[in-house]
Each structure stands twice: as C-alpha cells, then as structure tokens.
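K.L.:
Pasting in a structure now, in structure tokens, and then I'll have a few things to ask.
Chains as they are written, first to last, in our numbering: chain A, 3 to 196; chain B, -3 to 121.
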C-alpha cells in the first residue's frame, strides 16, 4: 500500500460503475501522458533557460506579454551548449558573442605581437654574434658529410633501401663463399668458418 | 444531468460523466501536488497540478493576520525553450533562477508521486 492509497484507492471509484471502468482507463492514460509530457517539456525549457542564463544573460529581459518562442525538437537541447546555436536565437547573447570575438581577436593580436617580438629578438641576437663565432659553411655536419662523399640523408634522392639491399646481397655472397668452401662440411665446420 | 435527461441523451450524459471524472482526477492531483511544498497553513488551501502538457497551476488560499482572505493562482506556461508565469492578469513574467530551480524540483516530485498512482489505477481495472 502506498501513502496515497487512502486518497486514490480504486475502491473509492467503485461508484463509477463497472461499465465505466473501461472509459476511465483512457482518461487515466491521458493524464499519465499529459503529466509525462509536461514534465519533459518543463525540463527542456528549464535546461534551455539555465544554459541561456549562465553566460550573463538577464533572464528578466525576456518578460513580455506576447512572448512567443518557437518550440525546438528535443535534440536541440544537446546543442544548447554550443555558443553559435544559442547566439542565433537570443539577442542578448549576440553582444556577448561579439565581446567574446573581440576578446579572441585581441588575444590573437597580442600573441602575434609577442611572437614577432620574440622572432626579432632572436634575429637580433644572431646578427650581434661575432663573425668568428659563426660556423663556417664547411663546418656544418651535413656539409662535412657531403664533402666526404656521403649523400645528404635528408635528400629525397637518398636511397637507404638500396643500401640495405646491397648489404643483404654482400652477406648472401659471403655465405655462398662459405658454403662453397665447405660444401659438405659439418655444422661445426660451418660454425668455425662463420 | 438528472436521470431523465441521461435517459434521453445518453451520449451527452456519458461525456459529462467523463469530464467529471477527469476533473476529479486533476483535483486529486492538485491535492497531492499541494503537499509537495510543505505544510499548509491552518484554514489555507494549496493545490499544484499539471493542467495540460504545457501548463502547470499553483493555487494558494490563505488568511493573513488581520483575518483577510487571500487567493493567488499562479500559472506556469511552458513555451518551447522558456517557462513564463502569470498571476492574476495576463502579465507574463520570467522565472528567477531560484524559482526555476524550485519549479523543476516540484515538477519532478509531482511526477514521482502522481504518475505511479495513476498507473496503479489504470492497471487496477
């Protein structure tokens, strides 16, 4: 028995009559549906209002006698955290978004200025280095390698695959020579030769 | 509608009977909903109920220290992405943050209390 059993006991409606019970059922279902729908809609609206209120929107400003706000599908509630979808609907948020854009642009300008300043400082430091401290072109590790006959390892023409293939072929040739030297040799002989 | 009228127009009698039952259901819901906000002042009356899928009603009656009787009916309209309320005349007002929080709590409690009972009755046939 629930705590409301005394106020909503099916026995209390016995006077309705057995023939009306069938008619009562749709009414109960209609009430259940109405309450469920009202609860769901209220949550959607409350969530929307909370989302709108959080970024500095004055809720009181929406008061109007002929206020008409079109209903949105339930999926819209998931998009309410996206600034652009809210901004499109709420005029108060447009100014907020404009402020946010200004802030973002100002931040970007400051960051760019800081980066340029840092680059300038680095360039100046390079320019101020004494000539003898600057490495000669031939001192560059890559230049030294190239002068020694090695290809630039960063060059797209460098083929390490060919080098690997060459080493594999040389190893095969060496093994072939060992096999030729010990054509019928035992494992011990082969091991010694290797 | 008396017995003779019901015999003469049974369809109208049935519709009136359904309307009466529907009204009594909402009246019961209002009593249950009125208990969600704590005790009611002696001699006072409070009802909170779901009128339809877009409307909630809070009706309160109380007597002040001077013995003067007061009645206040607050209607909460759910309009898409916003909830507005009207008291007395049709001057709509937005809900404050606290009122919105209290309202949604009351709606949840209402659902938890009312719907299981309605379902129990629907299954009791």
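Beta carbons are placed, not taken as given, at the ideal position from N, Cα and C, and that holds for glycine.
Nothing here was measured: the structure is a model prediction, and the numbers come from that model.
Note the first and the last residue of the continuous alpha helix (DSSP H) segment covering residue 115/B.
P.N.:
By one-based count along the second chain, residue 115/B stands at place 119. Here the alpha helix (DSSP H) through residue 115/B covers 93 to 119.
K.L.:
Inspect the CB distances between the region 75 to 91 of chain B and the region 25 to 34 of chain A and report whether three or more fall short of 8 Å.
P.N.:
Because the criterion of three Cβ pairs below 8 Å is not met, the region 75 to 91 of chain B and the region 25 to 34 of chain A do not touch.
K.L.:
Any beta carbon from chain A within less than 8 Å of residue 94/B's own beta carbon?
P.N.:
For the purposes of this step, residue 94/B is taken as residue 98 along the second chain, with counting starting at 1. Residue 94/B does not count as touching chain A.
K.L.:
According to DSSP, what are the bridge partners of residue 68/B?
P.N.:
Position 72 of the second chain, counted from the start, is the residue given in the question as residue 68/B. Note: residue 68/B sits in a beta bridge opposite 56/B.
K.L.:
Note down, in chain order, each residue of its chain lying with its Cβ closer than 6 Å to the Cβ of residue 65/B, except the 5 sequence neighbours on either side.
P.N.:
One-based indexing of the second chain puts residue 65/B at position 69. Once the five neighbours on either side are set aside, the close Cβ partners of residue 65/B are 59.
K.L.:
Looking at C-beta atoms only, is the number of pairs between the region 45 to 56 of chain A and the region 42 to 50 of chain B that lie closer than 8 Å three or more?
P.N.:
Segments in contact, no.
K.L.:
Once you ignore the five residues that flank residue 51/B on each side, which residues in its own chain have a CB closer than 8 Å to its CB?
P.N.:
As a working mapping, residue 51/B is identified with position 55 in the second chain. 71, 72, 73 and 74.
K.L.:
Examine the Cβ distances between the region 91 to 106 of chain B and the region 41 to 52 of chain A and report whether three or more of them are shorter than 8 Å.
P.N.:
Short answer: they touch.
K.L.:
Give me, in chain order, the residues of the same chain whose beta-carbon lies closer than 6 Å to that of residue 32/B; leave out the 5 immediate sequence neighbours on both sides.
P.N.:
Counted from its first residue, the second chain places residue 32/B at position 36. Same-chain partners within the cutoff: 102 and 105.
K.L.:
Out of curiosity, what's the CA-to-CA distance linking residue 31/A and residue 69/B?
P.N.:
The residue you call residue 31/A lines up with position 29 of the first chain. The residue you call residue 69/B lines up with position 73 of the second chain. Each residue's Cα considered, the two are about 27 Å apart.
K.L.:
Would you say residue 14/B reaches chain A, if we count a Cβ-Cβ gap shorter than 8 Å as a contact?
P.N.:
Counting from 1 along the second chain, the entry for residue 14/B is found at position 18. For residue 14/B, the answer is yes, since a Cβ of chain A falls inside 8 Å of its Cβ.
K.L.:
So, helix, strand or coil for residue 16/B, using DSSP?
P.N.:
By 1-based counting over the second chain, the position of residue 16/B is 20. Note: residue 16/B maps to helix in three-state DSSP.
K.L.:
Just to make sure I have the definition right: I need the residues of chain A whose C-beta is within less than 8 Å of the C-beta of residue 7/B. Which are they?
P.N.:
Within the second chain, residue 7/B is the residue found at index 11, counting from 1. Chain A residues near residue 7/B: none, gap ~12 Å exceeds 8 Å.
K.L.:
I'd like to know if residue 98/B contacts chain A, where contact means its C-beta is closer than 8 Å to some C-beta of that chain.
P.N.:
In the second chain, counting from the first residue as 1, residue 98/B sits at position 102. No, its Cβ sits nowhere closer than 8 Å to a Cβ of chain A.
K.L.:
Give me, in chain order, the residues of the same chain whose beta-carbon lies closer than 6 Å to that of residue 41/B; leave out the 5 immediate sequence neighbours on both sides.
P.N.:
Sequence index remark: in the second chain, residue 41/B carries index 45 (1-based). 57, listed in sequence order.
K.L.:
Does the beta-carbon of residue 50/A have 16 or more other beta-carbons within 10 angstroms, so that it is buried, or is it exposed?
P.N.:
One-based indexing of the first chain puts residue 50/A at position 48. So residue 50/A counts as buried.
K.L.:
Please report the distance separating the alpha-carbon of residue 4/B from that of residue 17/B.
P.N.:
Taking the second chain and counting its residues from 1, the one referred to as residue 4/B is at position 8. Taking the second chain and counting its residues from 1, the one referred to as residue 17/B is at position 21. Roughly 21 Å between the two C-alpha positions.
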